[in-house]
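K.L.:
2 protein chains.
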Amino acid sequence: MISQLIKGIKEKNAPIVVGLDPMLSYIPEDITARCFAQYGETLEGAAEAVLEFNKGLVDAVYDLVPAVKPQIAMYEQFGIPGLLAFKKTVDYCHEKGLVVIGDVKRGDIGSTSAAYANAHLGQVTVGSTVCTPFDEDIATVNPYLGTDGIEPFLKVCREQKKGIFVLCKTSNPSSGEFQDRIIDGRPLYEWVAEKINEWGATAMDGDYSEVGAVVGATYPEMGAALRKMMPKAMILVPGYGAQGGRGKDLKGFFNEDGLGAIVNSSRGIIAAWKSETYKGMDYKAAARAAVTDMQADIASALKG
Amino acid sequence: MISQLIKGIKEKNAPIVVGLDPMLSYIPEDITARCFAQYGETLEGAAEAVLEFNKGLVDAVYDLVPAVKPQIAMYEQFGIPGLLAFKKTVDYCHEKGLVVIGDVKRGDIGSTSAAYANAHLGQVTVGSTVCTPFDEDIATVNPYLGTDGIEPFLKVCREQKKGIFVLCKTSNPSSGEFQDRIIDGRPLYEWVAEKINEWGATAMDGDYSEVGAVVGATYPEMGAALRKMMPKAMILVPGYGAQGGRGKDLKGFFNEDGLGAIVNSSRGIIAAWKSETYKGMDYKAAARAAVTDMQADIASALKG
Chain A
1 MISQLIKGIK EKNAPIVVGL DPMLSYIPED ITARCFAQYG ETLEGAAEAV
51 LEFNKGLVDA VYDLVPAVKP QIAMYEQFGI PGLLAFKKTV DYCHEKGLVV
101 IGDVKRGDIG STSAAYANAH LGQVTVGSTV CTPFDEDIAT VNPYLGTDGI
151 EPFLKVCREQ KKGIFVLCKT SNPSSGEFQD RIIDGRPLYE WVAEKINEWG
201 ATAMDGDYSE VGAVVGATYP EMGAALRKMM PKAMILVPGY GAQGGRGKDL
251 KGFFNEDGLG AIVNSSRGII AAWKSETYKG MDYKAAARAA VTDMQADIAS
301 ALKG
Chain B
1001 MISQLIKGIK EKNAPIVVGL DPMLSYIPED ITARCFAQYG ETLEGAAEAV
1051 LEFNKGLVDA VYDLVPAVKP QIAMYEQFGI PGLLAFKKTV DYCHEKGLVV
1101 IGDVKRGDIG STSAAYANAH LGQVTVGSTV CTPFDEDIAT VNPYLGTDGI
1151 EPFLKVCREQ KKGIFVLCKT SNPSSGEFQD RIIDGRPLYE WVAEKINEWG
1201 ATAMDGDYSE VGAVVGATYP EMGAALRKMM PKAMILVPGY GAQGGRGKDL
1251 KGFFNEDGLG AIVNSSRGII AAWKSETYKG MDYKAAARAA VTDMQADIAS
1301 ALKG
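Just so you know, the sequences run in chain order A and B. All the letters of the first sequence, read from the start, carry residue numbers 1 to 304 under our numbering. All the letters of the second sequence, read from the start, carry residue numbers 1001 to 1304 under our numbering.
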């Protein structure tokens, strides 16, 4: 799957993933009004609004970017209807040829991680029928439980040609509380990076492995060090834009060939229509303009 | 919520939580056959079988135990119908007066953790309506992202009188890979324990705080040390029974008053009917017998 993601990045010349993390406040009122009129001010109404909003965003940007990253928490908060909107979003993005990174940050002990891996990337067998529950292409995974929590995901990656991004150094302000603590002379996130290399070696897909790393744009020096430590791992870089990461911070996340990283922006794209910069545009046009501007910002940073 | 859990433990004299982690292979064939006949060999059929199985288990043991712990991965693997069975299981357990610990191990950056906290423990506002998505009482949470990933859960705990159990030292074989690494002379899990104390101090509920810790029965010495380190935190102890933890390993997890810990068993109870010990019993009678035996095992360990 990583090779397919890289192919998309090259074809579209855009190491960009659009974070589909809808908050109700990002959705134009005409959409919410219509959905609430039809389904009431209910979880169903909210979920319908989210789905319609997402479809508009995807229509607006699918030719510009290789991938989307729906954050499942934003759907889970609307209960069962919300998760149905998540599933329909995954399917719609597939129809548009996009790679879908499920930002699910799951992780548990062995048999339970197997259930999560099957839920999001694989299949389950019911009687003699093979069913595909959520069908994302790549999932984000939490490493705190160690190898036996990751191995079931690796198995699915190898068998079904899927991928994972393992949390390494996250973009949030307090990520350092545990991740930066020094163990035998090196921060915890570097020990996680070492395991990412180990896990990745068992699931290669071309030049890169199916096991990538999540490293926040908000920590550019660490990103540059981790880039060198994990030559075969794609880095998923959240934190660009609204969280404070800028184009000029990103260069170190990439390899010399301009590959090796894919940068996520959520709010900066999907809520662009609410910002001063894109004032007056409808949400689709604003999202498209924000993607184009982000593409130029990154290209200029990589040249510089 | 923690005080309500402790009240239940005292009343039923059972520091026991039943893990509702159904695998299809645990479910008696007459149930799966009936559900597959009605809904097909589909995610719906599997989910219906899980729900019917759960209701039978809950009917069999609700008067013996204070709480249940559905592991959401086991439902997520059956997609939307599976998650609907999860929600219906939560509701059914509430009807029976049980405290529901959602074993969801969620954790993300601030705004996203807020969405998870609202999804599982709190509410979301849609227009002018307040909706309750999953409505568990307590959720398990992953600490890897640090305080700003935990704070939104604390907020909901304080406002809605809910609780969390934070992963500290997990029961699985490779939990030590990161959790046991030494930082300034102490293992990572002790640094997490220190944060659990800090977080818990902001959300007290009687003698204990709404912020408990997950510590595996499979590591009894660490459990005893952590018990002393976190005097105000309830410990949720997985790993008893099928994972290898035994009654005599548990004493150190409890305080002198016999409180302070609640021990989970999943397979050992819900799949008891498939074991040699309870051979010939139906699954409900076997589950009830397994709970009674577990209660005696723990009581004898606490006396010893």
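Note that CB positions come from ideal geometry on N, CA and C, so glycine has one too.
1) Return no unless some Cβ of chain B is closer than 8 angstroms to the Cβ of Ser-3/A.
2) Interface residues of chain D around Val-1192/B at Cβ under 8 angstroms?
3) Assign Arg-1246/B to buried or exposed, taking buried as 16 or more other Cβ atoms, counted over all protein chains shown, within 10 Å of its Cβ.
4) List, in order along the chain, the chain A residues whose C-beta lies closer than 9 angstroms to that of Phe-1053/B?
5) Express the C-alpha separation of Val-237/A and Leu-302/A in angstroms, rounding to a whole number.
6) Entirely within the segment 38-78 of chain A and at least 4 residues each: give me those alpha helix (DSSP H) ranges in chain order.
7) What separation, rounded to the nearest whole angstrom, lies between the Cα atoms of Gly-1216/B and Asp-207/A?
8) From this set, Pro-22/A, Lys-10/A, Lys-251/A, which residue's C-alpha is nearest Asp-63/A's C-alpha?
9) How far does the beta strand (DSSP E) with Asp-103/A in it reach, from first residue to last?
10) In whole angstroms, what is the alpha-carbon distance linking Pro-143/A and Trp-191/A?
11) Suppose the cutoff is 7 angstroms on Cβ atoms and the five residues either side in sequence are ignored; what does the same chain contact list for Tyr-116/A look like?
12) Since Val-1263/B contacts Val-1211/B with CB under 8 angstroms, what's their CB separation in whole angstroms?
13) Are the C-beta of Glu-76/A and some C-beta of chain B separated by less than 8 angstroms?
14) Measure the C-alpha to C-alpha separation of Val-58/A and Gly-304/A and round it to an integer number of angstroms.
15) Identify which residue in Ser-25/A, Asn-118/A, Leu-20/A has its Cα closest to the Cα of Lys-88/A.
16) Please list, in chain order, all residues of the same chain as Thr-125/A whose beta carbon is under 8 angstroms from its beta carbon, the five residues on each side excluded.
17) Is Ala-1114/B near the ligand FAD, judged by its Cβ being under 7 angstroms from some heavy atom?
18) Does any residue of chain A have a CB that is nearer than 8 angstroms to the CB of Glu-1041/B?
19) Counting only C-beta atoms, is Asn-1197/B closer than 8 angstroms to chain A at any point?
20) Answer yes or no: do Ala-119/A and Pro-133/A have a C-beta to C-beta separation smaller than 8 angstroms?
21) Taking the beta carbon of Ala-1287/B as the centre, do at least 16 other beta carbons fall within 10 Å, making it buried, or is it exposed?
22) Which residues mark the beginning and the end of the beta strand (DSSP E) in which Ser-1265/B is found?
23) Counting only Cβ pairs nearer than 8 angstroms, list the residues of chain B close to Asn-118/A.
24) Please classify Gly-212/A: does DSSP put it in a helix, a strand, or coil?
25) For Asp-249/A, does the three-state DSSP call read helix, strand or coil?
26) Over what stretch of residues does the alpha helix (DSSP H) that includes Phe-1153/B continue unbroken?
27) How about Pro-81/A and Ile-270/A: are their beta carbons less than 8 angstroms apart?
28) Step through the CB atoms of chain B and report whether any lies within less than 8 angstroms of the CB of Gln-160/A.
29) For Tyr-144/A, which residues in chain B fall below 8 angstroms Cβ to Cβ?
30) With a threshold of 8 angstroms between beta carbons, is Pro-1152/B in contact with chain A?
31) Closest to Leu-43/A by C-alpha separation, out of Val-68/A, Asn-13/A, Met-74/A, Val-18/A, would be which residue?
P.N.:
For this structure:
1) Counting from 1 along the first sequence, the entry for residue 3/A is found at position 3. No, because no Cβ of chain B sits closer than 8 angstroms to the Cβ of Ser-3/A.
2) Protein chains A and B are contained in the structure displayed, whereas chain D is not.
3) Stepping through the second sequence from its first residue, residue 1246/B is reached at position 246. Arg-1246/B counts as exposed, since fewer than 16 other beta carbons sit within 10 angstroms of its beta carbon.
4) Within the second sequence, the letter at position 53 stands for residue 1053/B. Those do not exist, as Phe-1053/B stays about 14 angstroms from chain A at its closest Cβ, beyond 9 angstroms.
5) To locate residue 302/A, count along the first sequence from 1; it is residue 302. To locate residue 237/A, count along the first sequence from 1; it is residue 237. Cα to Cα, Leu-302/A sits roughly 15 angstroms from Val-237/A.
6) 43-61, 73-76
7) Along the second sequence, read from residue 1 onward, the residue named residue 1216/B stands at position 216. Along the first sequence, read from residue 1 onward, the residue named residue 207/A stands at position 207. Roughly 39 angstroms between the two C-alpha positions.
8) Position 63 of the first sequence, counted from the start, is the residue given in the question as residue 63/A. Measuring from the Cα of Asp-63/A, the nearest candidate turns out to be Lys-10/A.
9) On the first sequence, residue 103/A is found 103 positions in, with the first residue counted as 1. Looking at the DSSP string, the run of the beta strand (DSSP E) that includes Asp-103/A is 99-106.
10) The sequence position of residue 143/A within the first sequence is 143, counting from 1. The sequence position of residue 191/A within the first sequence is 191, counting from 1. When rounded, the distance between both Cα atoms is 11 angstroms.
11) As a working note, residue 116/A is residue 116 in the first sequence. Cβ neighbours of Tyr-116/A beyond the five flanking positions: Arg-106, Asp-108.
12) As a working note, residue 1263/B is residue 263 in the second sequence. As a working note, residue 1211/B is residue 211 in the second sequence. Incorrect: roughly 19 angstroms between the Cβ atoms, too far for contact.
13) The count along the first sequence starts at 1 and reaches residue 76/A at position 76. So yes, Glu-76/A belongs to the interface.
14) Sequence index remark: in the first sequence, residue 58/A carries index 58 (1-based). Sequence index remark: in the first sequence, residue 304/A carries index 304 (1-based). The alpha-carbon atoms of Val-58/A and Gly-304/A are separated by roughly 31 angstroms.
15) Start at 1 with the first residue of the first sequence, and residue 88/A comes out as number 88. Considering only alpha carbons, the answer is Leu-20/A.
16) Translated into the one-based positions of the first sequence, residue 125/A becomes position 125. Excluding positions up to five away in sequence, the list reads Cys-131.
17) The ligand FAD is absent from the structure shown, which contains no ligand whatsoever.
18) Along the second sequence, read from residue 1 onward, the residue named residue 1041/B stands at position 41. Glu-1041/B counts as touching chain A.
19) For this step, residue 1197/B is matched to residue 197 along the second sequence. With 8 angstroms as the cut-off, Asn-1197/B does not count as an interface residue toward chain A.
20) The count along the first sequence starts at 1 and reaches residue 119/A at position 119. The count along the first sequence starts at 1 and reaches residue 133/A at position 133. Using a Cβ distance threshold of 8 angstroms, Ala-119/A and Pro-133/A count as a contacting pair.
21) Position 287 of the second sequence holds residue 1287/B. Looking at its Cβ environment, which holds 16 or more other Cβ atoms inside 10 Å, Ala-1287/B is buried.
22) Here the question's residue 1265/B lines up with position 265 in the second sequence. Unbroken beta strand (DSSP E) run through Ser-1265/B: 1261-1265.
23) Counted from its first residue, the first sequence places residue 118/A at position 118. Those are Gln-1077, listed as they occur along chain B.
24) Stepping through the first sequence from its first residue, residue 212/A is reached at position 212. Three-state DSSP puts Gly-212/A in a strand.
25) Taking the first sequence and counting its residues from 1, the one referred to as residue 249/A is at position 249. Three-state DSSP puts Asp-249/A in a helix.
26) Start at 1 with the first residue of the second sequence, and residue 1153/B comes out as number 153. Note, Phe-1153/B: alpha helix (DSSP H), 1147-1160.
27) Start at 1 with the first residue of the first sequence, and residue 81/A comes out as number 81. Start at 1 with the first residue of the first sequence, and residue 270/A comes out as number 270. 8 angstroms or more divides the Cβ of Pro-81/A from the Cβ of Ile-270/A.
28) Taking the first residue of the first sequence as position 1, residue 160/A is located at position 160. It does not: the Cβ of Gln-160/A has no partner Cβ on chain B nearer than 8 angstroms.
29) Translated into positions along the first sequence, residue 144/A becomes position 144. Contact of Tyr-144/A with chain B by beta-carbon distance below 8 angstroms involves Asn-1142, Pro-1143, Tyr-1144, Leu-1167, Thr-1170, Phe-1178, Gln-1179.
30) Taking the first residue of the second sequence as 1, we reach residue 1152/B at position 152. By this cut-off, Pro-1152/B is not an interface position.
31) Numbered from its first residue, the first sequence carries residue 43/A at position 43. Scanning Val-68/A, Asn-13/A, Met-74/A, Val-18/A for the CA closest to the CA of Leu-43/A turns up Met-74/A.
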